[in-house]
Every structure is written in C-alpha cells, then in structure tokens.
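Visitor:
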Amino acid sequence: MLRLSHWIDVLNERIGKLAAWAIVAAVIVSTLNAIVRKLFGTSSNAWLELQWYLFGAVFMLCAAWTLKDNEHIRIDIVSSRLSKRGRDLVDVFGHLFFLLPFLAVMIWLTTPFFLNSFNSAEVSTNAGGLLIWPAKGLILLGFVLLGLQWLSELIKRLLILSGRIEDRTNAGGHHAAAESEAERLVAELAGEPAKAAFAADPKAGPKPAPNLALKSAPKA
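For the sequence shown, the numbering used here gives the first residue as 75, with consecutive numbering after it.
#1: Does DSSP put residue 197 in a helix, in a strand, or in coil?
#2: In whole angstroms, what separates the C-alpha of residue 76 from that of residue 140?
#3: Among the candidates 95, 192 and 193, whose CA atom is the shortest distance from the CA of residue 128?
#4: Using a Cβ-Cβ cutoff of less than 8 Å, which residues in the same chain neighbour residue 188 once the five nearest sequence positions on both sides are dropped?
#5: How about residue 93 and residue 204: are their beta carbons less than 9 Å apart?
#6: Could you compute how far the alpha carbon of residue 243 sits from the alpha carbon of residue 149?
#7: Can you tell me whether DSSP reads residue 78 as helix, strand or coil?
#8: For residue 205, write down the residues that DSSP places opposite it in a beta bridge.
#9: Just to confirm the assignment, what range does the alpha helix (DSSP H) spanning residue 148 have?
#10: Here's the rule: buried if 16 or more other CB atoms are within 10 angstroms of the residue's CB, otherwise exposed. What is residue 186?
#11: Within a Cβ cutoff of 6 Å, which residues of the same chain sit near residue 229, ignoring the five residues on either side of it in sequence?
#12: To the nearest angstrom, report how far apart residue 85 and residue 264 are at their CA atoms.
#13: So residue 231 packs on residue 143, CB below 8 Å; how close in whole Å?
#14: If we call anything under 9 Å between Cβ atoms a contact, is residue 153 one with residue 164?
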C-alpha cells in the first residue's frame, strides 16, 4: 500500500510541476494579446479563452500536488490544541467524511458534463472561440487526480497512526512555517526599541523583576 501511495505522490507532483508552467504561458498570452490590441487595434476571443483555459489547468491539475504537500488553507482552531495522534485522527475523519463525499459527488457530476460536451464537439458560443470540451475534461481530470491523492493521504495517515511509518510532512505546510518565522521577526523587532532605550540610558531601561526566592527569611 505504501508503494501505491508513493507512485500516486510521484504522479501528482510531476503533473503539478508541469501544469505550473501554464502560469508562464498565460502571462505570455496575456502580454501578446495586450500588445497586439494596442498596436493593431485587433484581438480574438480565442486568446482570451486560452488564458482562462491555462488558469483552469493550473487550478485543477495542481490541486492534488497541493494536497500532497499539505499546502491547502486550514482553519486550525481545534486541531492545534490536540496531540499529534489527535490531529492524525482528525485528518482521517476529514478525509473519510468530508473529502471523499465531495470527490464522489464532483466526479459523478463532471463525468456526464464532460462526455456530453465531448460527444457533441462543443465549441464556444463566442465568435472565434475555442473548443469547450478540453476545458471540461480538465475539471474531471483534476478531481480524478485529487481522488487518487486522497487515497494516498489516507494510506499514509493510517500507517502513521499504526506506527509503521513516521510523519515527514510539515504540519500546516510552508505557510505555517512562514507564519511562525514572521511571528518570530515581529517579536524580535518589537524588542529592538526597548534594547535601544536601555543602551541610551540603562537606568531608564526595563529592570528585572526582583527574585523573591533569594530574600532571607525573617529573623525570629
């Protein structure tokens, strides 16, 4: 099972890294479209639709990779107060009772959504627009890949709970690490004014609290 999880992780990471280049392509398309429109006073709906095709590809094909790296936004109110095992149990519960039903519904809805468009060779209603079915196919593919990553994450959580593997993921992802570093810098900077005042006038600086434990006991 762990080998299956590993192959799913590798697949989604490679697809995600490849799809991320669509951001660069979208920027280039948008720039060229703006230049042509300004210089020659002409444009095409195909260029505009290609931009949201590329954006949709990034959004859908990178979702599984984001889940693998634990980078989805978390509203962490309860689980941060739990033990490591408690957080793992919360993750398993969320995967089984929230993510799985969501994926099942979305795949069930997007399958005929894509097939009907593909069978009819659906084209954009805008003049000079692109084919529609590839974009709808990206939606279905994105949820299928996310479903595979769901299986991988569930396998890893269960193995971690059983003690067969160690949890090597960064809780909260890179965002949590960045927030922790930001909090440390803020606290450090907040201490600089006090340090500067103490250096200028040690008598005016903050004084240590008296250590009551060192006081001698009163004489009888």
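A virtual CB, placed ideally from N, CA and C, is assigned to each residue, including glycine.
Guide: According to the data block:
#1: In the sequence shown, residue 197 corresponds to position 123, counting from 1. Here residue 197 sits in strand by DSSP.
#2: As a first step, residue 76 must be located in the sequence shown, where it is residue number 2. As a first step, residue 140 must be located in the sequence shown, where it is residue number 66. Roughly 19 Å separates the two Cα atoms.
#3: As a position in the sequence shown, residue 128 is number 54, starting the count at 1. Considering only alpha carbons, the answer is 95.
#4: One-based indexing of the sequence shown puts residue 188 at position 114. Result list for residue 188: 207, 210, 211, 213 and 214, in chain order.
#5: Locating residue 93 in the sequence shown gives position 19, counting from the first residue. Locating residue 204 in the sequence shown gives position 130, counting from the first residue. Contact: no.
#6: Along the sequence shown, one-based indexing puts residue 243 at 169. Along the sequence shown, one-based indexing puts residue 149 at 75. Cα to Cα, the separation comes out at about 18 Å.
#7: As a working mapping, residue 78 is identified with position 4 in the sequence shown. Correct three-state label for residue 78: helix.
#8: Indexing the sequence shown from 1 puts residue 205 at position 131. Paired residue(s): 197.
#9: Residue numbering aside, residue 148 sits at position 74 when the sequence shown is read from its first letter. From DSSP, residue 148 is part of no alpha helix (DSSP H); its letter is neither H nor E.
#10: As a working note, residue 186 is residue 112 in the sequence shown. With fewer than 16 Cβ atoms within 10 Å of its Cβ, residue 186 is classed as exposed.
#11: Walking along the sequence shown from the start, residue 229 turns up at place 155. If we look at residue 229 and ignore the five residues flanking it on each side, its Cβ neighbours are 75 and 79.
#12: Here the question's residue 85 lines up with position 11 in the sequence shown. Here the question's residue 264 lines up with position 190 in the sequence shown. So the two alpha carbons sit approximately 45 Å from each other.
#13: Here residue 231 refers to the residue found at position 157 of the sequence shown. Here residue 143 refers to the residue found at position 69 of the sequence shown. Rounded, the Cβ-Cβ distance is 15 Å, inconsistent with contact.
#14: The residue labelled residue 153 in the question sits at position 79 within the sequence shown. The residue labelled residue 164 in the question sits at position 90 within the sequence shown. Against a cut-off of 9 Å, the Cβ pair of residue 164 and residue 153 comes out as a contact.
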